[in-house]
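A.B. asks: Input: one structure, supplied below.
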Amino acid sequence: MLLAIDVGNTNMVFGLYEGETLCGSFRISTNAGRTSDELGMQILQYYNFKGLDPKKTDAVIIGSVVPPVMYSLTNAIKKYIGLRPQIVGEDVDPGIQNKYQNPREVGVDRLVNAVSATEKYGKPLIIVDIGTATTFDAIDEEGAYLGGVIFPGVKVAMEALFMKAAKLPRVEIVRPERAIGRTTVQSMQSGAVRGYVGALTGIICDMKAEMKGAVRVVATGGMGRMMAEYCPLIDEVDSNLTLEGLLRIYQQNRHAFIGCEADGKKEDVDV
Numbered sequence: 018m019l020l021a022i023d024v025g026n027t028n029m030v031f032g033l034y035e036g037e038t039l040c041g042s043f044r045i046s047t048n049a050g051r052t053s054d055e056l057g058m059q060i061l062q063y064y065n066f067k068g069l070d071p072k073k074t075d076a077v078i079i080g081s082v083v084p085p086v087m088y089s090l091t092n093a094i095k096k097y098i099g100l101r102p103q104i105v106g107e108d109v110d111p112g113i114q115n116k117y118q119n120p121r122e123v124g125v126d127r128l129v130n131a132v133s134a135t136e137k138y139g140k141p142l143i144i145v146d147i148g149t150a151t152t153f154d155a156i157d158e159e160g161a162y163l164g165g166v167i168f169p170g171v172k173v174a175m176e177a178l179f180m181k182a183a184k185l186p187r188v189e190i191v192r193p194e195r196a197i198g199r200t201t202v203q204s205m206q207s208g209a210v211r212g213y214v215g216a217l218t219g220i221i222c223d224m225k226a227e228m229k230g231a232v233r234v235v236a237t238g239g240m241g242r243m244m245a246e247y248c249p250l251i252d253e254v255d256s257n258l259t260l261e262g263l264l265r266i267y268q269q270n271r272h273a274f275i276g277c278e279a280d281g282k283k284e285d286v287d288v
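Okay, here's the thing in structure tokens:
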């Protein structure tokens, strides 16, 4: 069994794979203040909830964009799962050509998404990950990572509006039926959703104009499905894109997971 962990700015998403099957997934908030014991106990609680034996975990792979949580997380895995996790970009290579001017600047999650998206949906592609930040990633017709766009997430933008404008309240992010709001809340909701969809549309169109071939657009992230309802340029929505990318990278690098027991003892691993 593989434990795949996607560490994002807002949440850490844990997925348990038995072969190609996702047995279950859960998420906890990303908090650098948590101790390894707190994280370890939360992980074990989920195993128990699903009726799974943590001792049957063969490997752990992590993709992270939040360095401050990694010390506690890796120690939690070692202590409570008994394995040394392999970290994408450090211990294992995502296996995709990176054409960024400085390849080290690209967030690991963006490359992980590219691995799974190209396998599932072909190429060329635009991957839109709608989360704390919204990223747009271009994959060319040969499957190489070209670069992309980074844009503030809709929740971040609305929180900034609430913090900076004294009379504006926090609002639920939903799309009112009418563009013209008749209350402050409706006006803010209309601006949040319609404005964001307009930004998505404009950026996707500009990116497509710079790319070759019939470019498909895949959305993922916490608000991917909601925004796809209002943006007809999005062809697919895949909420498990990052977890599946971690699974693919594990499958391509199984040799790197041999001897990853936390006590350093090597055991036979089926490769």
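In my numbering, the protein residues as written are 18 to 288.
Every residue, glycine too, gets a C-beta built ideally from N, C-alpha and C.
#1: Kindly indicate the opening and closing residues of the beta strand (DSSP E) around residue 82.
#2: With distance defined between alpha-carbon atoms, name the residue in 171, 21, 121 and 271 nearest to residue 207.
#3: What are the boundary residues of the beta strand (DSSP E) that residue 237 is part of?
#4: Which residue or residues does DSSP assign as beta-bridge partners of residue 31?
#5: Quick check: the region 190–198 against the region 216–232, are at least 3 beta-carbon pairs closer than 8 Å?
#6: Between residue 46 and the rest of its own chain, which residues show a CB-CB distance below 8 Å, the 5 nearest in sequence each way excluded?
#7: For residue 147, name the three-state secondary structure that DSSP assigns.
#8: Where does residue 152 sit, in a helix, a strand or coil, going by DSSP?
#9: Where do the N-terminal and C-terminal ends of the beta strand (DSSP E) with residue 164 fall, by residue?
#10: Within 8 Å, do at least three Cβ pairs link the region 229–238 to the region 134–152?
#11: Just grab the DSSP bridge partners of residue 76 for me.
#12: With distances taken from CA atoms, which of 32, 103 and 201 is nearest residue 272?
#13: For a quick check, are the C-beta atoms of residue 337 and residue 21 less than 9 Å apart?
#14: For residue 98, tell me which candidate among 86, 125, 61 and 117 has the shortest Cα-Cα distance.
#15: As an exercise, report each continuous beta strand (DSSP E) stretch of at least 3 residues that is fully enclosed by the region 193–264, in chain order.
#16: Within the continuous alpha helix (DSSP H) that includes residue 188, where are the two ends?
#17: For the alpha helix (DSSP H) containing residue 137, list its first residue and its last residue.
#18: How big is the Cα-Cα spacing for residue 154 and residue 80?
#19: Go ahead and label residue 64 buried or exposed: buried means 16 or more other beta carbons lie within 10 angstroms of its beta carbon, across all protein chains shown.
#20: DSSP on residue 103, reduced to helix/strand/coil?
#21: Measuring CB atoms only, is the region 48–58 touching the region 85–93, in the sense that at least three cross pairs come out at less than 8 Å?
#22: Let me make sure I understand the geometry here. Which of 32, 33 and 240 has the alpha-carbon closest to that of residue 209?
C.D. replies: Let's see:
#1: The sequence position of residue 82 within the sequence shown is 65, counting from 1. Taken as a continuous stretch (DSSP letters only), residue 82 belongs to no beta strand (DSSP E), as it is neither H nor E.
#2: Against the sequence shown, residue 207 aligns to sequence position 190. Closest by alpha carbon: 171.
#3: As a position in the sequence shown, residue 237 is number 220, starting the count at 1. Segment 233–237, the beta strand (DSSP E) holding residue 237.
#4: In the sequence shown, the residue the question calls residue 31 occupies position 14. DSSP, once it has assigned bridges, lists 22 and 43 as partnering residue 31.
#5: no
#6: In the sequence shown, the residue the question calls residue 46 occupies position 29. Excluding residues within five positions, the ones whose Cβ falls inside 8 Å are 27, 28 and 29.
#7: Along the sequence shown, one-based indexing puts residue 147 at 130. Residue 147: strand per DSSP, three-state reduction.
#8: Mapped onto the sequence shown, residue 152 falls at position 135. Here residue 152 sits in strand by DSSP.
#9: Start at 1 with the first residue of the sequence shown, and residue 164 comes out as number 147. First-last of the beta strand (DSSP E) with residue 164: 162–169.
#10: yes
#11: For this step, residue 76 is matched to residue 59 along the sequence shown. Answer is 19.
#12: In the sequence shown, residue 272 corresponds to position 255, counting from 1. Taking only the C-alpha atoms, the option nearest residue 272 is 103.
#13: Any question about residue 337 goes unanswered here, given that the chain covers just 18 to 288.
#14: Indexing the sequence shown from 1 puts residue 98 at position 81. The shortest C-alpha separation from residue 98 is found at 61.
#15: 233–237
#16: By one-based count along the sequence shown, residue 188 stands at place 171. Run containing residue 188: none; DSSP gives neither H nor E here.
#17: In the sequence shown, the residue the question calls residue 137 occupies position 120. Looking at the DSSP string, the run of the alpha helix (DSSP H) that includes residue 137 is 125–138.
#18: Taking the first residue of the sequence shown as 1, we reach residue 154 at position 137. Taking the first residue of the sequence shown as 1, we reach residue 80 at position 63. Their Cα atoms are separated by approximately 17 Å.
#19: Within the sequence shown, the letter at position 47 stands for residue 64. Burial call: buried.
#20: Looking up residue 103 in the sequence shown gives position 86. Strand.
#21: yes
#22: Start at 1 with the first residue of the sequence shown, and residue 209 comes out as number 192. The residue with the shortest Cα to Cα distance from residue 209 is 240.
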